[in-house]
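Notes to accompany the following structure.
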Amino acid sequence: MRKNRIEKLLNIAHRGARSLAPENTLIAGRKAYEAGADAWEFDVRLAADEKFVVIHDETLHKTTNAEKIFPDSESYRVDSFEYSEIERLDAGSWFEREDPFGEINRGRVSTGDLRTYRGAKVPSLRQALDLTRELGWRANIELKPQDGPEKLSPKVLRQLVDLVVGLGMEDDVVVSSFDHGMIRELHNFNSNVTGALIIEEPVPRPVEYLKRNKVKIYNLCATLLGTEKGDRIIREVKEASSQFRVNVWTVNGGEEMKELLANPYIDGIITDYPGRLCKILTRVN
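Residues in the sequence shown are numbered consecutively from -15, following the working numbering.
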């Protein structure tokens, strides 16, 4: 398994190398690996047939051509479509049209790469994990919350756990969520599957909160850094146990990355620019 030049800090690619390729696609995952990331983070949601698909938004509008393929649909929510329908969609062409990070305009994405992005598919969770395993890599699965009658059932959560365990990837996968109850539920199914709590607001008694939720990892919003409450969370957690970990999202600027490298309490950086972080890590080393 690939390890960073600086052992203590993980370079985690946010939705793959999404600054250079269409987010949450297998192509973005491969680009992140090639850029030197230690792991990739990707989002999963549930399709109508209870299959996990890799996509960030609740709807298919932003990153697919669903409206063109299904013009008469009453809803474009991900959970309104079965996976057999979702896998028909083009999840890559929008990237060239939108150039979300301006990297095409800067000449950092080749014409050849843009051609390969056209027609890229929305992966299933299984496909994303197969790629991770093929590369001898790591993954952070962000489990997107679902509300109302579509809320993820214990049966569906067990399906995710069984997939990770069935592939023998317990040591290579972290499952994170803003819905901390789902992470507790996953732990109840199998304590060998590592969970992480995503937080963007301070939590009281952060060490107790980790223990109560049966996890050892916080994925912390970068906006909390430099605030009294945010810094207290990091300090208390890391001083309580060397087994507790803190990853920070989303950090894209080179100077911000360098500042975090100097912070002894930070274990991982989640970034849209894994290549930039890799270069900084190499220079520091």
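Just so you know, even glycine gets a beta-carbon here, dropped at the ideal spot from N, CA and C.
query                                                                                                                                                                                          : result
Could you tell me which of Leu170, Ile70 and Asp33 sits nearest to Glu51, measuring between CA atoms?                                                                                          : Ile70
Between the region -1 to 7 and the region 69 to 89, do at least 3 Cβ pairs fall closer than 8 angstroms?                                                                                       : yes
Quick one: grab the DSSP three-state call for Ala224.                                                                                                                                          : helix
Out of Ser225, Thr207 and Asn124, point me to the one whose CA is closest to Gly179's CA.                                                                                                      : Asn124
Who are Asn(-5)'s beta bridge partners in DSSP?                                                                                                                                                : Ile253
In three-state terms, what does DSSP make of Ser94?                                                                                                                                            : coil
Measure the CB-CB distance between Asn176 and Glu154 and report whether it falls below 7 angstroms.                                                                                            : yes
Does DSSP put Ala1 in a helix, in a strand, or in coil?                                                                                                                                        : coil
Helix, strand or coil: which one does DSSP assign to Ile125?                                                                                                                                   : strand
What would DSSP say about Val158, mapped onto helix, strand or coil?                                                                                                                           : strand
Do the region 137 to 144 and the region 38 to 46 meet, that is, are 3 or more Cβ pairs less than 8 angstroms apart?                                                                            : no
Note down the Cα distance separating Thr211 from Ile53, rounded to an integer number of angstroms.                                                                                             : 47 angstroms
Distance, Cα to Cα, Leu115 vs Ala206?                                                                                                                                                          : 28 angstroms
Give every residue of the same chain whose Cβ lies closer than 7 angstroms to the Cβ of Val93, excluding the five residues on either side of it in the sequence, and list them in chain order. : Leu4 and Glu87
Throw me the rounded Cβ distance for the Val235 and Leu244 pair, which I believe falls under 8 angstroms.                                                                                      : 6 angstroms
CA-CA distance, Leu181 and Asp27?                                                                                                                                                              : 14 angstroms
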